[in-house]
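In the numbering used here, the protein residues as written are -18 to 313. The C-beta atom is built at its ideal place from N, Cα and C for all residues, glycine as well. First comes the structure, then the notes that go with it.
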């Protein structure tokens, strides 16, 4: 399972360095010469451009881009191969966790286009953003400091979507971002590549539905509201009260230590990380092993900056929340 994900090298340091370099060398979208783009813009439809059509309003009901469908999609396979060939010669994709992937493309003139594709990204809008339509979905485009962000909204309240971030050394980054976004949405509307999911995996779980409602109300308050953050994290909070966070990832598990002691959650071993200065506590445990190094990891965190740790018992509350989660996760 996830052999293709593990095979990719997570060159995070290198990618961050490339991002910083791009920010220095590339200007904003508004100040670039469109003639510097060295890819075949005529091979894609007008929807991949600035998005001049009026964005659709109301609920988004596209069944191909629901959060449940996007959780199953492998983002690196989505942009691998010929998907981005209209932009030039693509390199090998690099995954950023489960829902984000980066790739470099060399255009016909040898210039580098750097793209990061995120599924289920939190989308914010500003007054200067360009809006339009891409493959039937609301399209939002913004440029900042040499980067361009082009997104297709897949749900509202909270606003989540498929987002492409682009930088283009010596070129205008918004056009390749628009091309890439359209290609990605087209593949999502077809037969997108999916993760190989083993029995008992928590990969496809909607985390906002997992904790017991009564426990959430007890820990965060009766008015606490669930809010997804991306595809694999959910929070519950209300103003002035505690915040609960449930998240899922695939990574190397934490090793128990004096700083992060091992605790027992009704038979499941977890590592505990507590703040020394505030009422915060986080519990992490292995849901299932993926290979010799990585595991599916689930984390439950309790935070209350309005309370004192000495009287609030943050780790006791985190444990109560974690136990309610364990009861509802898939059995391995």
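Which residue marks the beginning of the beta strand (DSSP E) containing residue 235, and which one marks its end? Premise fails: residue 235 is in no beta strand (DSSP E) and is neither H nor E.
Which residue or residues does DSSP assign as beta-bridge partners of residue 104? Residue 104 pairs with nothing; no bridge assigned.
Could you pull the DSSP bridge partners for residue 265 from this structure? DSSP output for residue 265 lists 252, 280 as bridge partner(s).
At what residues does the alpha helix (DSSP H) containing residue 60 begin and finish? That run of the alpha helix (DSSP H) goes 56 to 60.
Would you mind working out which of 82, 47, 186 sits nearest residue 133, comparing C-alpha positions? Selected option, being the one with the closest Cα: 47.
How would you label residue 300, buried or exposed, when you count the other beta carbons within 10 angstroms and need 16 or more for buried? Here residue 300 is buried, its C-beta having at least 16 other C-beta atoms within 10 Å.
In this structure, does DSSP put residue 292 in helix, strand or coil? Helix.
Could you check if residue 243 belongs to the surroundings of the ligand FAD, using beta carbon to heavy atom distance under 6 Å? Among the ligands in the structure shown, none appear at all, so the ligand FAD cannot be discussed.
Does residue 275 come out as helix, strand or coil in the three-state DSSP assignment? Of the three classes helix, strand and coil, the one that applies to residue 275 here is coil, per DSSP.
Report back the beta-carbon spacing between residue 139 and residue 103 to the nearest angstrom; my notes put them in contact at under 8 Å. Between residue 103 and residue 139 the Cβ distance is about 7 Å, and since that is below 8 Å, they are a contact.
Exposed or buried, what is residue 149 when buried is set at 16 or more other beta-carbons lying within 10 Å of its beta-carbon? Result: buried.
How about residue 313 and residue 181: are their beta carbons less than 7 Å apart? Yes, they are a contact pair.
Beta-carbon within less than 7 Å of residue 173's beta-carbon, same chain only, minus the 5 sequence neighbours each way: which residues are those? Taken in chain order, the residues that qualify are 54, 59.
What's the call for residue 125, buried or exposed, on a 16-neighbour Cβ count within 10 Å? Exposed: under 16 other Cβ atoms inside 10 Å.
For residue 167, which residues in the same chain have their Cβ closer than 8 Å to its Cβ, ignoring the five residues on either side in sequence? Closer than 8 Å at the Cβ level, and outside the excluded window around residue 167, lie 116.
If you follow the alpha helix (DSSP H) that residue 390 is in, where does it begin and where does it stop? The shown model of the chain, from -18 to 313, leaves out residue 390, and the question about it has no answer.
Under 8 Å, with one C-beta from each stretch per pair, do the region 200 to 217 and the region 235 to 248 reach the 3-pair mark? The region 200 to 217 is not in contact with the region 235 to 248.
Tell me the DSSP secondary structure of residue 1 in three-state form. Legend: pLDDT at residue 1 = 36, less than 50; position of this residue unreliable, no value from coordinates given.
What does DSSP give as the partner residue(s) for residue 149 in the beta ladder? Per DSSP, the beta-bridge partners of residue 149 are 94.
Starting from residue 194, trace the beta strand (DSSP E) both ways and give me its first and last residue. Boundaries around residue 194 are those of the alpha helix (DSSP H), 194 to 201, since no beta strand (DSSP E) includes it.
Three-state class that DSSP yields for residue 40 in the structure shown: Shown here, residue 40 sits in coil according to DSSP, grouped into three states, outside any helix or strand.
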